[in-house]
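Heads up, the final residue of the sequence shown is numbered 485 in the working numbering, and it's a clean run with no missing numbers.
Structure first, commentary second.
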Amino acid sequence: MTPAGLIYVGTFIDAPTHEALRVRTNHLCIVDGKGRIVLLHPLPEGTTDDVEKIKTFVAEEHRGLDVLLMKEWEFICPGMIDCHNHAPQYHQIGTATDYTLFNWLFNVTFPNEAKCRDLDYARDLYTKLVRRLLRNGTTSVQFFATNDIEPTKLLVDICAEHGLRAFVGLVTADRDSPDYYIQTTEEALSLTESFIQWTLAHPSGRDKLGEQDALVHPVITPRFVPTCTLPLLHGLGGLAAKYDVRVQSHAAETVDQVLRVKALHPTIGGGRDVAIFESCALLTGRTTLAHGTHLRDYEVRRMAEVGAAVSACPIANILHSRAVVPAPRYKALGLKVGLGTDIAGGYSASMLGPLRMAVVDDRTDSFVKVAREDMPLEEYPDPDPKTEWPVGHVWAYHIATVGGAEALGIAEHAGTIDVGKHFDAVLVDGNREDQAYEYWPAETKEIRFERWINTGDDRNVRGVWVRGAQVVWKE
Numbered sequence: 011m012t013p014a015g016l017i018y019v020g021t022f023i024d025a026p027t028h029e030a031l032r033v034r035t036n037h038l039c040i041v042d043g044k045g046r047i048v049l050l051h052p053l054p055e056g057t058t059d060d061v062e063k064i065k066t067f068v069a070e071e072h073r074g075l076d077v078l079l080m081k082e083w084e085f086i087c088p089g090m091i092d093c094h095n096h097a098p099q100y101h102q103i104g105t106a107t108d109y110t111l112f113n114w115l116f117n118v119t120f121p122n123e124a125k126c127r128d129l130d131y132a133r134d135l136y137t138k139l140v141r142r143l144l145r146n147g148t149t150s151v152q153f154f155a156t157n158d159i160e161p162t163k164l165l166v167d168i169c170a171e172h173g174l175r176a177f178v179g180l181v182t183a184d185r186d187s188p189d190y191y192i193q194t195t196e197e198a199l200s201l202t203e204s205f206i207q208w209t210l211a212h213p214s215g216r217d218k219l220g221e222q223d224a225l226v227h228p229v230i231t232p233r234f235v236p237t238c239t240l241p242l243l244h245g246l247g248g249l250a251a252k253y254d255v256r257v258q259s260h261a262a263e264t265v266d267q268v269l270r271v272k273a274l275h276p277t278i279g280g281g282r283d284v285a286i287f288e289s290c291a292l293l294t295g296r297t298t299l300a301h302g303t304h305l306r307d308y309e310v311r312r313m314a315e316v317g318a319a320v321s322a323c324p325i326a327n328i329l330h331s332r333a334v335v336p337a338p339r340y341k342a343l344g345l346k347v348g349l350g351t352d353i354a355g356g357y358s359a360s361m362l363g364p365l366r367m368a369v370v371d372d373r374t375d376s377f378v379k380v381a382r383e384d385m386p387l388e389e390y391p392d393p394d395p396k397t398e399w400p401v402g403h404v405w406a407y408h409i410a411t412v413g414g415a416e417a418l419g420i421a422e423h424a425g426t427i428d429v430g431k432h433f434d435a436v437l438v439d440g441n442r443e444d445q446a447y448e449y450w451p452a453e454t455k456e457i458r459f460e461r462w463i464n465t466g467d468d469r470n471v472r473g474v475w476v477r478g479a480q481v482v483w484k485e
């Protein structure tokens with residue numbers, strides 16, 4: 011996918027902070043041939059539907075570019091960033107939601123992941139997934155792939171072919187996994203190093219395009235502590251330092267996972283994931299740990315100190331973790347927080363799903379205690395009168411864009427619509443004939459944005475761009 015310069019005119023909405031939307035109407039945005047925003051400027055009233063007048067505000071070097079005029083009910087917003095997605099589990103999305111974690115892994119997930127050794131199967135699965143993600147308005151994704159290198163390379167190629175910015179991890183596991191889906195320690199380290207080298211040298215990788223413009227990135231990916239020996243984790247830590255690449259895993263996810271980690275390594279920080287990863291040099295400024303629902307404050311502070319991030323997965327957390335990520339609490343402690351679909355622990359391939367559930371999670375975290383048992387009437391306590399909650403749709407969208415960009419180390423290039431950044435953007439059409447909600451002409455831009463966030467879907471996504479390259483378009 012090659013970036014193409016274009017002039018965009020209309021409404022631009024983003025959330026640079028969690029406190030309020032930034033809404034810019036009647037604006038001119040120029041994206042150059044390298045896919046970066048070079049101008050974002052208001053236009054005088056009465057010029058936004060006149061191409062010739064518009065071009066008088068454009069420098070000579072850009073006047074030959076085509077112009078996209080947004081309709082009154084359309085707006086452009088940043089593409090969403092999925093910080094945690096298991097690509098080979100896409101076939102099982104929306105199913106097996108009533109399993110405990112380890113039963114889910116052994117009975118459903120490991121067999122499905124192993125099917126990707128059939129490259130025809132993997133190609134079909136990954137192509138459908140990548141196209142779906144882009145149609146949903148997701149422009150960057152951090153993937154867990156499988157234990158096998160060839161289908162993992164195939165995922166990288168498909169992401170590059172379709173223009174999706176992708177952080178892809180070859181999963182490693184050398185213990186407590188099925189015989190048909192396990193590596194030796196030496197094999198896991200060798201495959202990981204080979205995959206890192208191959209991805210860095212990819213035509214869309216860091217060696218060819220540089221850190222800022224690379225489309226595909228390798229990620230060191232121990233599945234989680236219960237399936238990785240300490241020698242493997244130490245070896246992966248060495249590779250992370252050698253190649254200066256990102257790290258991802260799961261941490262403090264579910265009750266059964268927390269208890270198993272404590273039983274395996276009781277002498278390392280009390281048997282806690284964060285301490286174990288840090289002891290193996292895997293807790294760095296390039297680390298994202300998924301879930302984190304059972305993190306303690308001192309662990310959150312330590313992650314913040316080293317620059318690590320957590321990927322909250324609100325749908326999967328509600329289904330499996332018996333806990334939620336308290337985003338305001340973690341953010342107040344300085345931790346970077348992104349959002350993830352957690353396909354297929356989560357049942358939504360659209361980031362709108364976890365975005366909406368993040369709001370519900372916050373309400374859940376502040377639920378009042380309801381006195382239900384019988385007692386004398388005068389002893390029933392009054393409920394907590396709290397009527398405001400920190401996380402609403404703006405906060406959640408901020409985490410899904412800016413938060414994700416911070417978590418994946420691309421905040422200089424993505425997350426908001428600003429001069430100098432890549433044009434990672436979604437054109438939302440709020441007046442599609444087949445959409446899931448009604449169009450009301452008199453509404454404000456802010457209301458239209460909120461309505462799409464809360465009730466819209468991919469039918470409203472008319473166009474998607476990644477690094478200025480158009481990857482989705484609907485007439």
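Heads up, the beta-carbon is just placed ideally off N, CA and C, and yes, glycines get one too.
_Is the separation between the beta-carbon of residue 283 and that of residue 335 shorter than 7 Å?_
No, the pair does not count as a contact, with Cβ atoms beyond the cut-off.
_Residue environment, residue 452, which counts as buried when at least 16 other CB atoms sit within 10 Å_ = Here residue 452 is exposed: its Cβ has fewer than 16 other Cβ atoms, across all protein chains shown, within 10 Å.
*beta strand (DSSP E) runs wholly inside the region 173-244, at least 3 long, in chain order*: Residue ranges of uninterrupted beta strand (DSSP E) with 3 or more members, entirely inside the region 173-244 and ordered along the chain, are 175-182, 226-232.
*residue 142 vs residue 482 beta-carbon contact at 7 Å*: In this structure, residue 142 keeps its C-beta atom at 7 Å or more from the C-beta atom of residue 482.
*Could you say if the region 458-475 and the region 62-76 meet the contact criterion of at least three C-beta pairs nearer than 8 Å?*
Counting Cβ pairs under 8 Å, fewer than three are found: no touch.
_Between the alpha carbons of residue 151 and residue 385, how many angstroms are there, rounded?_
Rounded to the nearest angstrom, the two C-alpha atoms are 52 Å apart.
*What do you reckon, are the CB atoms on residue 155 and residue 149 nearer than 7 Å?*
Annotated as distal: residue 155 and residue 149, with beta-carbon spacing of 7 Å or more.
*Grouping DSSP H, G and I as helix and E and B as strand, with all else coil, what is residue 162?*
Helix.
_the region 223-231 touching the region 199-213, judged by at least three CB pairs closer than 8 Å_ = The region 223-231 is in contact with the region 199-213.
*asked:* Please state whether the Cβ-Cβ distance between residue 91 and residue 415 is less than 7 Å.
replied: Their beta carbons are under 7 Å apart, which means residue 91 touches residue 415 by this criterion.
_Coarse secondary structure for residue 292, derived from DSSP in three states_ = Note: residue 292 maps to coil in three-state DSSP.
*Hey, how far is the Cα of residue 57 from the Cα of residue 34?*
Cα-Cα distance, rounded: 15 Å.
_First through last residue of the beta strand (DSSP E) which encompasses residue 151_ = Unbroken beta strand (DSSP E) run through residue 151: 148-154.
*So residue 122 is in the alpha helix (DSSP H); what residue range does that whole segment cover?*
Unbroken alpha helix (DSSP H) run through residue 122: 120-124.
*Per DSSP, residue 46 is paired with what?*
DSSP output for residue 46 lists 432 as bridge partner(s).
*asked:* Applying the 10 Å Cβ sphere with the 16-neighbour rule, what's the burial state of residue 224?
replied: Using a 10 angstroms sphere on the CB of residue 224, the tally of other CB atoms reaches 16 or more, which defines it as buried.
*Examine the Cβ distances between the region 342-349 and the region 311-328 and report whether three or more of them are shorter than 8 Å.*
Result yes; three or more Cβ-Cβ pairs closer than 8 Å.
*So the beta strand (DSSP E) residue 407 belongs to, where does it begin and stop?*
Going by DSSP, residue 407 is part of no beta strand (DSSP E) but of the alpha helix (DSSP H) stretching over 403-408.
*Quick one: what's got a C-beta closer than 6 Å to residue 107's C-beta in the same chain, skipping five residues either side?*
In the same chain as residue 107, and ignoring 5 residues on each side of it, the C-beta atoms closer than 6 Å to its own belong to 329, in chain order.
*asked:* Looking at residue 23: is its Cβ nearer than 7 Å to the Cβ of residue 433?
replied: The answer is no: Cβ separation not under 7 Å.
*With C-beta atoms as the reference, is residue 41 less than 7 Å away from residue 478?*
Their beta carbons are under 7 Å apart, which means residue 41 touches residue 478 by this criterion.
_Beta-carbon proximity list for residue 129, same chain, < 7 Å, skipping 5 on both sides_ = Only 160, 161, 164 meet the Cβ criterion.
_Between the alpha carbons of residue 419 and residue 77, how many angstroms are there, rounded?_
Straight-line Cα distance between these residues: approximately 32 Å.
*What are the boundary residues of the alpha helix (DSSP H) that includes residue 113?*
Note, residue 113: alpha helix (DSSP H), 111-114.
_Below 8 Å, how does it come out for the region 208-219 and the region 262-277: are there three or more Cβ pairs, yes or no?_
These segments do not touch.
_Whole angstroms are fine: how far does the CA of residue 409 sit from the CA of residue 475?_
Whole-angstrom Cα-Cα distance: 20 Å.
*Looking at C-alpha atoms only, which residue of 96, 353, 32, 53 is the closest neighbour of residue 39?*
The residue with the shortest Cα to Cα distance from residue 39 is 53.
_Does residue 288 pass the burial test, meaning 16 or more other C-beta atoms within 10 Å, or should it be called exposed?_
Per the 10 Å Cβ criterion, buried.
*asked:* Relative to the C-alpha of residue 370, which candidate in 387, 325, 383, 332 has its C-alpha closest?
replied: Cα-wise, what sits closest to residue 370 is 325.
*Closest to residue 183 by CA distance: which of 276, 296, 240, 401 is it?*
The shortest C-alpha separation from residue 183 is found at 240.
*State the Cα-Cα distance for the pair residue 312 and residue 412, rounded to the nearest angstrom.*
Distance between the alpha carbons of residue 312 and residue 412 is about 21 Å.
*For residue 90, which residues does DSSP report across the bridge?*
The partner list for residue 90 (beta bridge, DSSP) reads 148.
*Among 170, 484, 85, which has the Cα closest to the Cα of residue 136?*
Ranking 170, 484, 85 by CA distance to the CA of residue 136 puts 170 first.
*Which class does residue 275 belong to by DSSP, given the choice of helix, strand or coil?*
Coil at residue 275, not helix or strand.
*Are the beta-carbon atoms belonging to residue 321 and residue 94 less than 7 Å from one another?*
For residue 321 and residue 94, yes; Cβs fall inside 7 Å.
*Alpha carbon to alpha carbon, how far is residue 174 from residue 89?*
Their backbone Cα atoms lie some 11 Å apart in a straight line.
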